[in-house]
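J.: Have a look at this one.
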Amino acid sequence: MTARVIDGKVHAEELVAKVTEGTAKLKQAHGAVPGLAVVLVGSDPASQVYVSSKSKRAAACGFHSVQRDLPEDTSEADLLAEVERLNADPSIHGILVQLPLPRHIDSGKVIQAIAPHKDVDGFHFINVGKLGTGEAETALVPCTPAGSMLLIESALGKDLSGKTAVVVGRSNIVGKPMFNLLLQANATVTIAHSRTADLPALCRTADILVAAIGKPEFIKGDWVKPGATVIDVGINRIDAPEKGEGKTRLVGDVEYSAAAERAGAITPVPGGVGPMTIAMLMANTLRAAEQSVTNA
Ligand code: GUN
Numbered sequence: 108m109t110a111r112v113i114d115g116k117v118h119a120e121e122l123v124a125k126v127t128e129g130t131a132k133l134k135q136a137h138g139a140v141p142g143l144a145v146v147l148v149g150s151d152p153a154s155q156v157y158v159s160s161k162s163k164r165a166a167a168c169g170f171h172s173v174q175r176d177l178p179e180d181t182s183e184a185d186l187l188a189e190v191e192r193l194n195a196d197p198s199i200h201g202i203l204v205q206l207p208l209p210r211h212i213d214s215g216k217v218i219q220a221i222a223p224h225k226d227v228d229g230f231h232f233i234n235v236g237k238l239g240t241g242e243a244e245t246a247l248v249p250c251t252p253a254g255s256m257l258l259i260e261s262a263l264g265k266d267l268s269g270k271t272a273v274v275v276g277r278s279n280i281v282g283k284p285m286f287n288l289l290l291q292a293n294a295t296v297t298i299a300h301s302r303t304a305d306l307p308a309l310c311r312t313a314d315i316l317v318a319a320i321g322k323p324e325f326i327k328g329d330w331v332k333p334g335a336t337v338i339d340v341g342i343n344r345i346d347a348p349e350k351g352e353g354k355t356r357l358v359g360d361v362e363y364s365a366a367a368e369r370a371g372a373i374t375p376v377p378g379g380v381g382p383m384t385i386a387m388l389m390a391n392t393l394r395a396a397e398q399s400v401t402n403a
């Protein structure tokens with residue numbers, strides 16, 4: 108079997124088109140423009156790329172888009188003060204502080220300082236709690252798992268009753284919220300991690316396999332159950348001497364070619380989950396803006 112490739116770019120464009128339309132409607136009906144503030148501390152090159160693509164996407168959706176670039180030596184108190192300013196700013200509906208933060212700043216403290224209704228990352232305890240207790244309707248849900256879920260739905264539909272899902276990776280950003288979303292869709296879900304015994308055998312039970320561990324090509328092709336839906340969340344840059352000296356390329360957490368021979372459907376890297384994350388951030392920001400109008 109050769110897997111159907113799940114094209115994240117196409118699904119992301121569809122979602123962004125819906126967001127752009129929703130933004131125009133909100134403006135027409137209520138005179139409100141969704142506002143997204145993205146805060147970057149320091150000059151990590153990968154984070155700079157992510158942040159600028161988030162800001163550009165926001166502007167393209169018709170949002171009020173604000174980017175705050177703060178120096179590496181910004182104090183925790185100054186960052187918290189910036190978050191407070193954005194919390195109080197009525198033109199801003201979504202706040203995202205790019206992670207990782209420099210080591211001298213307590214990320215947890217900063218995340219919990221963001222007003223839950225503006226927490227478009229879905230990392231605040233209130234949003235995590237709502238998702239965990241099945242109140243996803245009013246929660247802001249983390250973008251990468253929410254985007255991954257849309258890709259799973261595109262392959263298998265919304266109801267995953269009777270399906271077995273294995274999520275490899277237990278991070279707060281991906282693994283744990285992914286678990287909750289799959290569970291809510293009626294899948295039977297297991298989270299695997301670095302201490303799991305016989306990971307290959309567990310993966311082979313998965314109708315839905317989500318890889319979110321951040322290790323290049325860690326999940327081997329023969330760990331994939333024939334016909335499974337494989338969602339590769341990993342984005343890893345590795346050396347590519349075949350492309351020339353000093354060249355690199357992006358790979359996922361899954362050994363793609365071998366996995367694609369067994370899977371029913373699979374996301375590529377790049378062009379799979381990545382574009383969905385940013386599209387979902389736009390959807391969350393529109394939602395936050397719509398809710399602020401409703402609750403005004
Ligand atoms: N760094 C890597 N992924 C993310 C994300 O989803 N949100 C934020 N804020 N930072 C990240």
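First residue of the sequence shown? That's 108 in the working numbering, and the numbers climb one at a time after it.
Glycine residues also receive a C-beta, built at the ideal position from the N, C-alpha and C atoms.
Treat the numbers as computed from the prediction; the structure is a model and nothing was measured.
#1: With distances taken between CB atoms, is the gap from Val275 to Leu306 smaller than 9 Å?
#2: I think Asp185 touches Leu203, with their Cβ atoms under 8 Å apart; what is that distance to the nearest whole Å?
#3: Write down every uninterrupted run of the alpha helix (DSSP H) in the segment 181-216 whose length is 4 residues or greater and which is fully enclosed by it, in chain order.
#4: Is the beta carbon of Ser162 closer than 9 Å to that of Gln174?
#5: On the three-state DSSP scale, how would you describe His300?
#6: Leaving out five residues before and five after Ala144 in sequence, what residues of the same chain have Cβ atoms less than 6 Å from its Cβ?
#7: Output the boundary residues of the alpha helix (DSSP H) element that contains Thr127.
#8: Considering only the alpha carbon of each residue, which of Ala403, Gly359, Val340 lies closest to Leu258?
#9: For Pro209, which residues in the same chain have their Cβ closer than 7 Å to its Cβ, ignoring the five residues on either side in sequence?
#10: Considering only the beta carbon of each residue, do Asn287 and Gly254 sit closer than 9 Å?
#11: Can you grab the Cα-Cα spacing for the pair Asp346 / Glu352, in whole Å?
#12: Am I right that Ala370 and Ala396 are in contact with their C-beta atoms under 8 Å? What's the rounded C-beta distance?
#13: Quick one: which unbroken beta strand (DSSP E) runs of 3-plus residues sit fully inside the segment 240-286? Chain order, please.
#14: Along the chain, where does the beta strand (DSSP E) containing Ile315 start, and where does it finish?
#15: Using the beta-carbon count (16 or more within 10 Å), is Pro207 buried or exposed?
#16: Along the chain, where does the alpha helix (DSSP H) that runs through Val156 open and close?
#17: Given that a residue counts as buried once 16 or more other Cβ atoms are within 10 Å of its Cβ, and exposed if not, what is Arg394?
#18: Tell me which same chain residues have a C-beta within less than 8 Å of the C-beta of Glu368, skipping the five on either side of it?
#19: Give me the Cβ distance between Asp360 and Ala318, rounded to the nearest whole Å; I'm assuming they're in contact under 8 Å.
#20: Bridge partners for His447 per DSSP, in chain order?
#21: Taking 9 Å as the threshold (C-beta atoms), are Gly381 and Asp114 in contact?
#22: Using a threshold of 8 Å, is the CB atom of Leu421 nearer than that to any non-hydrogen atom of the ligand GUN?
#23: Quick one: measure Cβ to Cβ for Ile221 and His211, integer angstroms, because I've assumed they're closer than 8 Å.
T.: According to the data block:
#1: Cβ distance < 9 Å, so Val275 and Leu306 count as in contact.
#2: No, Asp185 and Leu203 are not in contact; Cβ-Cβ is about 18 Å, not under 8 Å.
#3: Restricting attention to alpha helix (DSSP H) runs no shorter than 4 residues, the segment 181-216 encloses them at 183-195, ordered along the chain.
#4: Yes. Within cutoff.
#5: The DSSP-derived three-state label of His300 is coil.
#6: Val173, Leu193, Ile199, Ile202.
#7: Thr127: member of the alpha helix (DSSP H) spanning 115-137, first to last residue.
#8: It is Val340 whose Cα lies nearest to the Cα of Leu258.
#9: For Pro209, same chain residues with a beta-carbon under 7 Å away, outside a window of 5 residues either side, are Val148, Gly149, Glu179 in chain order.
#10: At a Cβ-Cβ threshold of 9 Å, Asn287 and Gly254 do not count as neighbours.
#11: Cα-Cα distance, rounded: 9 Å.
#12: The Cβ separation is near 38 Å, so there is no contact.
#13: List check, beta strand (DSSP E) in window: 271-275.
#14: According to the DSSP assignment, Ile315 belongs to the beta strand (DSSP E) that extends over 315-318.
#15: Exposed: under 16 other Cβ atoms inside 10 Å.
#16: 152-167 is the extent of the alpha helix (DSSP H) around Val156.
#17: Arg394 is classed as buried because its beta carbon has at least 16 other beta carbons within 10 Å across all chains shown.
#18: Same-chain partners within the cutoff: Met108, Thr109, Ala110, Gly328.
#19: Contact between Asp360 and Ala318 holds, since their C-beta atoms are separated by about 4 Å, short of 8 Å.
#20: Any answer about residue 447 is impossible in this case: the structure gives the chain only from 108 up to 403.
#21: Pairing Asp114 with Gly381 gives a Cβ-Cβ distance that is not under 9 Å.
#22: Within the shown structure, residues of the chain are numbered from 108 to 403, placing residue 421 beyond reach of any answer.
#23: His211 and Ile221 do not touch by the CB rule: their CB atoms are close to 19 Å apart, not below 8 Å.
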